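Residue numbers (this note's numbering), protein chains in the order written: chain A, 1 to 321; chain B, 322 to 642; chain C, 643 to 963; chain D, 964 to 1284; chain E, 1285 to 1605.
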Amino acid sequence: MPITLHVVDESGAYGKRDGLAEASALVAKGCKVWIDAVGHDAELQPFLEHELKLHPLLIEDLLEDRPAPKVEDYGAALYIVAHGVALDAKQEICSIEVDIVLTSSWILTHRHGPASAVDSLASELERKPQPLQRGPAFIAHAILDRLVDSYLPIVDEWDDQIDRIEVAVVERATPEVVQQIFKLKRALQALRRGAVHQRELLSRLSRGEFPLVSGDALPFYRDVYDHFLRVTDLSDSYREILSGALDIYLSTVSNRMNEVMKTLTLVATIILPMTFIAGVWGMNFEFMPELHWRYGYLVAWIVMLAVGGGMVAWFKTRKWL
Amino acid sequence: MPITLHVVDESGAYGKRDGLAEASALVAKGCKVWIDAVGHDAELQPFLEHELKLHPLLIEDLLEDRPAPKVEDYGAALYIVAHGVALDAKQEICSIEVDIVLTSSWILTHRHGPASAVDSLASELERKPQPLQRGPAFIAHAILDRLVDSYLPIVDEWDDQIDRIEVAVVERATPEVVQQIFKLKRALQALRRGAVHQRELLSRLSRGEFPLVSGDALPFYRDVYDHFLRVTDLSDSYREILSGALDIYLSTVSNRMNEVMKTLTLVATIILPMTFIAGVWGMNFEFMPELHWRYGYLVAWIVMLAVGGGMVAWFKTRKWL
Amino acid sequence: MPITLHVVDESGAYGKRDGLAEASALVAKGCKVWIDAVGHDAELQPFLEHELKLHPLLIEDLLEDRPAPKVEDYGAALYIVAHGVALDAKQEICSIEVDIVLTSSWILTHRHGPASAVDSLASELERKPQPLQRGPAFIAHAILDRLVDSYLPIVDEWDDQIDRIEVAVVERATPEVVQQIFKLKRALQALRRGAVHQRELLSRLSRGEFPLVSGDALPFYRDVYDHFLRVTDLSDSYREILSGALDIYLSTVSNRMNEVMKTLTLVATIILPMTFIAGVWGMNFEFMPELHWRYGYLVAWIVMLAVGGGMVAWFKTRKWL
Amino acid sequence: MPITLHVVDESGAYGKRDGLAEASALVAKGCKVWIDAVGHDAELQPFLEHELKLHPLLIEDLLEDRPAPKVEDYGAALYIVAHGVALDAKQEICSIEVDIVLTSSWILTHRHGPASAVDSLASELERKPQPLQRGPAFIAHAILDRLVDSYLPIVDEWDDQIDRIEVAVVERATPEVVQQIFKLKRALQALRRGAVHQRELLSRLSRGEFPLVSGDALPFYRDVYDHFLRVTDLSDSYREILSGALDIYLSTVSNRMNEVMKTLTLVATIILPMTFIAGVWGMNFEFMPELHWRYGYLVAWIVMLAVGGGMVAWFKTRKWL
Amino acid sequence: MPITLHVVDESGAYGKRDGLAEASALVAKGCKVWIDAVGHDAELQPFLEHELKLHPLLIEDLLEDRPAPKVEDYGAALYIVAHGVALDAKQEICSIEVDIVLTSSWILTHRHGPASAVDSLASELERKPQPLQRGPAFIAHAILDRLVDSYLPIVDEWDDQIDRIEVAVVERATPEVVQQIFKLKRALQALRRGAVHQRELLSRLSRGEFPLVSGDALPFYRDVYDHFLRVTDLSDSYREILSGALDIYLSTVSNRMNEVMKTLTLVATIILPMTFIAGVWGMNFEFMPELHWRYGYLVAWIVMLAVGGGMVAWFKTRKWL
């Protein structure tokens, strides 16, 4: 059922209808109404235009997918676009957009598919209708609160991954670790992109800038802002930690490389001169008197070892060994 | 025809003339007039000076190519320089400048060549004259909207390229990928240069700072601003992704280099000592008793393989292999 | 004992009770009361809710661990979350959170375990009750002052470590130094994360923004702010010094590497051609007239040394040696 | 002649005197006077002090070389220090300082040597005295305009150099290109240093902050500000392009280095094992049965080629070739 | 003598006393008094507390060493902490702190040792008592001016060093140059740390924010601010130049390394195959027909040179040579 009405009448009793049929009448009667719309519905656009008399641009924005969270003041109505996050089938982060139109007597929410933040609130209202009883601003708060909470499991999951990366980077420093670092970095970037606008949006809502969100609702919005600040603070510090981990990885790899190079240098520069000397006495000249000398071979060994040992000694004095 | 007049008279009827002949009379009659001028025209400058009485500096700016988008308030008139983008013959981005002079009764646009944003609006007016009927501020909005929309196909094209680069950088990591990254980076820089000023311009227009753009036009300008913000947000995130891709490329190349170096080290440090030993028994000394020993050759092989195997074992203990 | 009351009655006499039993009565009598609560206590939450009538969100924040320092104005009460630091069992920095609710007549502090900043003040009050006599804002100041002071020993310890690192990086440049640099860098990051919010909090308190902290208390808060600024300034400059030390390390390592490579190049490019020449005259062709020449061997040496010497000379002209 | 008076009397007639003799009288008579002073002059300082009654600090600043552009409001007088640029004998950029004291009736300019911006204006005034007729603020504008224009040929010259560098970096990537990049970078830095303050100065003048520059003069100052913004925007984008060019250079050099290294690895790891095998059969052991076998030599070649080919094949499987 | 009184009485006559004995009386008489205190003095603290009635926190700050320059407004008194610099015995920069308490009738300065900025002013007052005659704000200005001037010789010295470094980095590029760059960079960092706060302090004083520094004193404070801005601008540009010099150094070193590597590759890849071929014909197989061929040796040389020449040719086609 794409459209649901949640109603609290003058007596404070909670009720629920499907479809828009009674919406205008209920609002006119002074009930507190939450209109929860999912996806495109044939009767929705005319209703927004002719019954609620929303601005054409607001309707256009509402029905389309808008990438950035924002809040716009249309006088009698406040238009809020907020994001939650979820993991898709490939375990990648995708953002869940919820559009909210808030007035003093009714609130309209719209999204393109299931959004657990809104769905869970809708099903809880039956048992606990207080938010709607207190007014539309508290429904908006409840939704924003749940949207912000949807970031937490993902941030927690990252926390685990970062702990594993930090251990791995010191112990193994394999290219796989770098792959993981880059992957996590990109996920953080993706989150941060929307988060900048969402933080701005929540900050403005909690500052008492809009008359529709004021008085006793403000501390609740400030609370949501605080929670979201925690998410962005954490993602900032994850970014720093990942940069640090990458630095450690690069430094480890470079140290290892240096050791490898030094070994090559060592072996090659010790052995090459010795090989040369062996080559000299392997020449076939007729007149090479030392070849016929009784201790020639012994001396050859002594010379070769002396050259090799000299190289080693020279390295030691230069502290390369 | 370089100059076209679009007119909506008091009755709301739309008409179109060529040339400036009737312009002053129509404005005086209270018609809503859009003067659309292309390139340099002999009668334009005197008209701007003597009929419209524009500030000499405004006229100078209008007729020349100015690099940066801006908005200037001349009291009765608002001078806007805005940019769109197009691909030139070499498939490189070039910016299309449109200058707008906006007053409460008429609007003047000027550009140096065809600009699809303006041309498409001009040809649509015949069928849908509403923007001009609603007033000059809505013509200005329609042009800005189309200018901003001209960024979208280019940003989409980049999106595809970046996807391909991200795949390529992990799979192949050839220098060609780097060339592509640098090329795209430069294109992004070029776009961002003008975009900073254009965003500022749109933000000021949508903030209600200018009396000529106010009331019911404001939400439309805010909408354009939002669209443009999407463009600049996207180009910012492309920049981050490209930087990330470059980091991955460099890390991949450096890993590969390390492997190559390790192989060289391995082969050279194993083979060089063995070659030296073969060289020793290739010397021609007369008194080398082991040469005459029955199992000398066998022992030589054993010694050489032991040295090589020892090297391999040492590498294994150091985890280089 | 989880809850302690510190009381100064109208006569200025100081007293101390356990538990919340008399709290409401004492506040009603106009005594200055400091309620110091540690951890969760069954009677605390109802007391906060029903006796002190605090906002439900404030109570929730107070009883939970909140990561970021902040100050919130609830009208009659000011809610402050401040951090101190301590070293845990593994000698790593952990932050100590103290929550403060400040009104004109009483002050409530809450923390989850022992916090030396609060405990030392509590035990000093018996001897020197002046802060409580002067009013709750001075108790809050005393706690903030001690929390800020808790940073000093850690900053001093870092100072020593950085001095050692700076010496080590020039003298030895071993990978261990880099490990230390990265470790210290992470500790600094951890400190800076909370410090940004804490500095903001102290700055707001010392600016006279809140009526509950004003007049003669302001210079004292400014003093705490100054102290904390010193801590953050120091940690900023440590970060710069560590970055500099890392640069020096990398530059030293790279210099050393260059020297090693140059040596390898030198030895290899001098010896390899000489070995080749020795190999030539080690061939077994029947008709190699120079082999039978009397001075062949001598000339061979001359040729080989000339080639080696030529290489050295060429290096010298290129300034590689 | 170090001091020249340009005068427009009440009738609007333009005249020119040398020296300061009549200056006070002309100002007193209500003429518009421009006092153009070059270098140090014995009569200048007393005149500034006693006739014009300027603040001692203003006089000190005026007669000395001050490095940074600035504007200072002394109530009745506005003190402006602005910079132009010129190329010195070594084709390096040097800045030309012009000091301006602006009041409602007279204007004083001072510089230490020839400044084409001022000199060209002075010689043009004879033919076109309008700026002085319109008032001192227009003389100040004309000078600032010409100072800003003096940046253009240098920026154009850089444009050419950068185009050449961009081509060179891709095609040749020699160290000379890097030298050029670093040289141009330094020149850009030198320009940017003063430009920050100059932009600030022009921005403040064009904002209508000072009563002495207001009304009909403002659009002209805004125009100068716009021109200067173009210069700084260009120099910013040049900096970005140079950074990009340096990145391309480094990436090209590193690619080339990788290829060189891979070749060395290839040749060395193929040839070294083959050389070892040849060395084995060059040993002089008495009992090496294969040496006496008819097909020994053929088999030796097969073995050696097989080892070399095996190496090549292994490289191919690892995609190093 | 730790405490000196400089007094200008109602008649404008200048006098000087030692010790604090007459201080209160002189201030009460309406004399302009400058109290210059050095180090700790037994009578100082009671005097500050009981006679001047300064705030306890101000006294604490004054007598201790505070690291960061600042200005604090205590209503009737302005508390300024300013820094000068000097070179210590090891030719390293150390900062000289001077604390100033400024009121409308008297001024107090305190420092822990000799400070040439204050000492030179004190000795000049005897000859030129004008600053004290004009009022305490002019004494404060004179001290700040001299403190700022103390930066100049150090900045000049750096200028020379940087010139030498810039030449050295291009000509020699030895590790010693890098050491110098890092050393200078650290000195610049040390200076910048305090300078940020000092610039803020001078900016606030020169903005007319404090009633005690106003009117005719303001241009003088603005002048000091300007001078200090010059110091910080210079140190900023030095930092940029040093970064540039480091980049040039690294690029030079890397170029040199590349050349060295290319040479090694060249020699090794040319000589190794030739050595292999010589090794082949050095084998002792019985049936190697070419060994017995008359032109075998000649052909061997041709083959070896052909292989070497082929390598060189291949390098040339790849532009590595």
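From the three backbone atoms N, C-alpha and C, an ideal C-beta is built for every residue, glycine too. Quick caveat: nothing in here was measured; it's all calculated off a predicted structure.
Residues are counted here when their Cβ sits less than 8 Å from a Cβ of chain B; for the stretch 1160-1193 of chain D these are Pro-1182, Phe-1183, Arg-1185, Asp-1186, Asp-1189, Leu-1192 and Arg-1193, given in chain order. Leu-201(A) is not a Cβ neighbour of Val-101(A), given a cutoff of 9 Å.
Cβ contact annotation for Leu-44(A) (same chain, cutoff 6 Å, sequence separation greater than five): Ala-37, in chain order. Residue pairing for Ala-82(A): DSSP places it in a beta bridge opposite Val-98(A).
Secondary structure of Leu-1496(E) (DSSP, three-state): coil.
Excluding residues up to 5 positions away in sequence, Ile-1377 lie with their Cβ nearer than 7 Å to the Cβ of Ala-1471(E) in the same chain.
Residue environment: Gly-39(A) is assigned as exposed (fewer than 16 neighbouring CB atoms within 10 Å of its CB, all protein chains considered).
Per DSSP, the continuous beta strand (DSSP E) segment holding His-327(B) begins and ends at 324-329. Of the residues Trp-800(C), Ser-893(C), Ser-746(C) and Glu-739(C), the one whose Cα lies closest to the Cα of Gly-755(C) is Glu-739(C). Assigned with DSSP and collapsed to three states, Asp-36(A) falls in strand. Judged by their CB atoms, Val-1439(E) and Thr-1536(E) are not nearer to each other than the 9 Å cut-off. The secondary-structure analysis by DSSP pairs Asp-73(A) across a beta bridge with Leu-78(A). Within chain B, the residues Leu-593, Pro-594 and Phe-597 have their CB atoms less than 7 Å from the CB of Ile-271(A), given in chain order. When C-beta atoms of the stretch 862-869 of chain C are compared with those of the stretch 771-784 of chain C, three or more pairs fall below 8 Å, so the two segments count as touching. Of the residues Thr-1547(E), Asp-1357(E) and Asp-1325(E), the one whose Cα lies closest to the Cα of Leu-1347(E) is Asp-1325(E). Non-local beta-carbon contacts of Met-1274(D) in its own chain, meaning distances under 8 Å to residues more than five positions away in sequence, involve Thr-1232, Ile-1233 and Pro-1236 in chain order. The C-alpha of Lys-1546(E) is placed about 10 Å away from the C-alpha of Thr-1226(D). Counting every other CB atom within 10 Å of its CB across the protein chains shown gives His-55(A) a total of 16 or more, marking it as buried. Using a Cβ-Cβ cut-off of 7 Å, Pro-390(B) is close to nothing in chain D; its nearest Cβ partner there is about 11 Å away. Secondary structure of Gly-1592(E) (DSSP, three-state): helix. Chain-order list of chain C residues neighbouring Ala-82(A): empty, with the shortest C-beta distance near 20 Å, by a criterion of under 9 Å.
Between Ala-1263(D) and Phe-1569(E), the gap from beta carbon to beta carbon is short of 9 Å.
Against chain B, a Cβ distance below 7 Å from Ser-1214(D) picks out Val-499.
The Cβ of Phe-182(A) sits closer than 9 Å to at least one Cβ of chain B. Per the DSSP secondary-structure output, Thr-1393(E) pairs in a beta bridge with Asp-1320(E) and Ile-1384(E).
Your pair Met-1572(E) and Gly-1245(D) does not check out as a contact, with CB atoms roughly 12 Å apart and the cut at 8 Å.
At a cut-off of 9 Å between C-beta atoms, Thr-1195(D) does not count as an interface residue with respect to chain E. When only Cα atoms are considered, Asp-1293(E) and Leu-1409(E) end up about 14 Å apart. C-alpha of Val-1462(E) to C-alpha of Ile-162(A): approximately 36 Å in a straight line.
When the five nearest sequence neighbours on each side are left out, the beta carbons in the same chain lying within less than 6 Å of the beta carbon of Leu-888(C) are those of Ile-823, in order along the chain. With 16 or more other Cβ atoms from the protein chains shown falling within 10 Å of its own Cβ, Gln-519(B) counts as buried. Measuring C-alpha to C-alpha distances from Asp-878(C) to each of Asp-801(C), Ala-815(C), Gln-775(C) and Phe-918(C) identifies Asp-801(C) as the nearest. Around the beta-carbon of Thr-959(C), fewer than 16 other beta-carbon atoms lie within 10 Å, marking it exposed. The beta carbon of Thr-1387(E) sits no closer than 9 Å to any beta carbon of chain C. Proximity of chain E to Ala-910(C) at the Cβ level (cut-off 8 Å) is accounted for by Leu-1548, Val-1551 and Ala-1552, in chain order.
For the pair Ala-779(C) and Ala-538(B), the Cα-to-Cα distance works out to about 52 Å.
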